[in-house]
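S.K.: Sharing a structure, written as structure tokens. Questions coming.
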Amino acid sequence: MAVTADIVLAGSTDTTGASFEIGDLMIMSVMSDGTPLDYLVEGQRLDVGVPVSVDPVVLTINYAYRLHDSFDGILSNGLTFTWPYYCGNMFPCKSDPYDGLSFELELIGIPLDMDVIYPTSILSDAPSYMIGWAVGEFDYIDLGTTTDGTQVGVYYQPGEEIDATEGTRNLRDVMEWYEQTYGEYIFGEEVASVSVDWGAGQFGGLEHHPFWHVASGSMSDQSIHAHEAAHGWFGNGVRITCWEDFVLSEGVASYLAARSLTEVGGVILGNTIWTLYTSQLDRLQSSSENKIAWPDSCNQVDIIDDGLFGSAPYMKGAFFLRDVESVIGKEMLDQALRDFYVTNKGGYAGMQDLLDEIMTHTGYDPTLCANAWLRSDSLPVNGICDY
Ligand SMILES: [Zn+2]
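At position 383 of the sequence shown (counting the first as 1) the number is 869 in the working numbering, and the numbers step up by one without a gap.
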């Protein structure tokens, strides 16, 4: 549980301070180039005096971490879970969703009878919550390689071979479709779904690209694998500017899960997913949950405490895009999504930027449609999304 973090900061000649979220990490030392630096631990924040430099500065921070059990850090069951803003319990970080960083990671001390799945390097900028690992007992199925050369696979736990095979039967084709339709994948040449045990009744996944996690109970569900893979382009590949732009990550990923599986697996499979989405949307509308998918502010909401992490961004975002698709056509929507991705990959953008891209591409202004789907408690009236 002892860690050495080398944090490379861009050089600066006008600021000499850097602050990090450190959760409950126990900081032992902060050095640069062998020289101890002044630092202060103030609650869950680490302030470091950084030498003036035009060149990048490497901070070497030695610390120890504590184990967590509430999906808020390095978990005692061998998994990590730092989404949305718990990276500080893993490493000195910035959890703002727009902040991007690349990683190199080496885990040591893994029990000999255990496997560990994690990327040793992520060379394109990613959100702080993307890095993660899974320690456990895993078998692997090679699902093949895409035209772009990305190797696709699945790591599953003992007894899950049938579920894992079923859930990933189209995953290679889905990855290839994303690459060919929206642009190159930027987080490495090898990707996989990794089965994780989040406890009884847990479902869904978490976008730890390139080895994203899928809840054990969702391993047979093709839409979850396709959804997590889509975050390689939307949510991770392009980070969100504000937590309020969560719909740009989850709405697009939900839409693309249904869309990609329609394209590669057939209309019947696609319709099955939309039927599922329809019942989730109905459930949302008759519940007391938050129904606003896209709040009109920036980094003012707490995504957990204020209820934005719920069905609204996922389902209303997906149906909004399906309505846009029905107005402008699949090809125009794909072109807009592609241009949006290619322009912003490795960086960040907001939902408004996507709407602007659609407008630029097609002349269709999606504002009324977006407001009706994403900024209203109710569902759109018929025809509001029409050209
Ligand atoms: Zn997602």
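All residues carry an ideal CB built from backbone N, CA and C; glycine is no exception.
1) Would the beta-carbon of Glu736 be found less than 6 Å away from any heavy atom of ligand 1?
2) How many Å lie between Ala835 and Gly535 at the Cα?
3) Hey, how far is the Cα of Gly803 from the Cα of Ser797?
4) Do Ser569 and Tyr615 have their CB atoms nearer than 7 Å?
5) Per DSSP, Gly618 is paired with what?
6) By the DSSP assignment, the alpha helix (DSSP H) with Thr667 in it spans what residues?
7) Give me, in chain order, the residues of the same chain whose beta-carbon lies closer than 6 Å to that of Ile844; leave out the 5 immediate sequence neighbours on both sides.
8) With a Cβ-Cβ cutoff of 7 Å, do Pro578 and Pro613 count as a contact?
9) Go ahead and label Gly574 buried or exposed: buried means 16 or more other beta carbons lie within 10 angstroms of its beta carbon, across all protein chains shown.
10) Indicate the three-state DSSP secondary structure (helix, strand or coil) for Ile594 in the structure shown.
11) Is the segment 725-737 touching the segment 752-772, taking contact as three or more C-beta pairs under 8 Å?
12) Would you identify the three-state DSSP class for Trp760, choosing helix, strand or coil?
13) Ordered along the chain, which non-local residues of its own chain (more than five positions away) have a Cβ less than 8 Å from that of Ser562?
14) Could you check which residue in Glu665, Asp782, Leu692 and His699 has the C-alpha nearest to that of Phe624?
15) Using the Cα positions of Ser518 and Val787, report the straight-line distance between them to the nearest angstrom.
16) With DSSP as the reference, please indicate the residues paired to Pro522 in a beta bridge.
17) Take the Cβ of Gln708 as the centre, count every other Cβ of all protein chains shown within 10 Å, and call the residue buried at 16 or more, exposed below.
18) With C-beta atoms as the reference, is Thr667 less than 7 Å away from Asp820?
19) Taking 7 Å as the threshold (C-beta atoms), are Val677 and Thr633 in contact?
20) What are the boundary residues of the beta strand (DSSP E) that Ile814 is part of?
21) Can you tell me the Cβ-Cβ gap for Gly756 and Leu747, rounded? I've got them flagged as a contact below 8 Å.
22) Looking only at its chain, what residues have a beta carbon closer than 8 Å to the beta carbon of Gly691, apart from the 5 residues adjacent to it on each side?
23) DSSP state of Cys855, grouped into three classes?
24) Let me know if Arg769 comes out buried or exposed under the rule of 16 or more other beta-carbons within 10 Å of its beta-carbon.
25) Quick one: what's got a C-beta closer than 7 Å to Trp619's C-beta in the same chain, skipping five residues either side?
26) Can you grab the Cα-Cα spacing for the pair Asn589 / Ile547, in whole Å?
27) Return helix, strand or coil for Tyr571, following the three-state DSSP convention.
28) Residues in the same chain with beta-carbon distance under 7 Å from Ile778, minus the five sequence neighbours each way, listed in chain order, please.
29) Do Val544 and Val494 come within 7 Å of each other at the CB atom, strictly closer than that value?
30) Can you tell me whether Arg531 is helix, strand or coil according to DSSP?
31) Please determine, among Val527, Tyr571, Leu807 and Asp683, the residue with the shortest C-alpha to C-alpha distance to Ser515.
32) Would you call the CB atoms of Gly721 and Glu693 closer than 7 Å?
33) Do Ala822 and ligand 1 come close, with the Cβ less than 6 Å from some heavy atom?
34) Does DSSP classify Thr748 as helix, strand or coil?
35) Could you tell me if Ala744 is buried or exposed, where buried requires 16 or more neighbouring beta carbons within 10 angstroms of its beta carbon?
36) Run through DSSP, which three-state label would Tyr671 get?
M.R.: Reading off the structure:
1) yes
2) 31 Å
3) 9 Å
4) The question names Ser, but residue 569 in the sequence shown is Trp. Yes, they are a contact pair.
5) Gly618 is not bridged to any residue.
6) Residues Leu657 to Tyr668.
7) The residues are Ala822 and Pro852.
8) no
9) buried
10) coil
11) no
12) helix
13) Leu553, His554 and Asp555
14) His699
15) 36 Å
16) Met517
17) buried
18) yes
19) no
20) That residue, Ile814, is in no beta strand (DSSP E); its alpha helix (DSSP H) goes Gly803 to Ile814.
21) 6 Å
22) Ser679, Trp698, His699, Val700, Ala701, Ser704, Ile710, His711, His713 and Glu714
23) helix
24) exposed
25) Thr566, Leu593, Val602, Ile603 and Tyr604
26) Sequence inspection shows Phe at residue 589; the Asn mentioned does not correspond to that position. The straight-line gap from Cα to Cα measures roughly 15 Å.
27) coil
28) Ala798, Arg861 and Asp863
29) yes
30) Arg531 falls in the strand class under three-state DSSP.
31) Val527
32) yes
33) no
34) helix
35) The residue is buried, with at least 16 neighbouring Cβ atoms inside 10 Å.
36) coil
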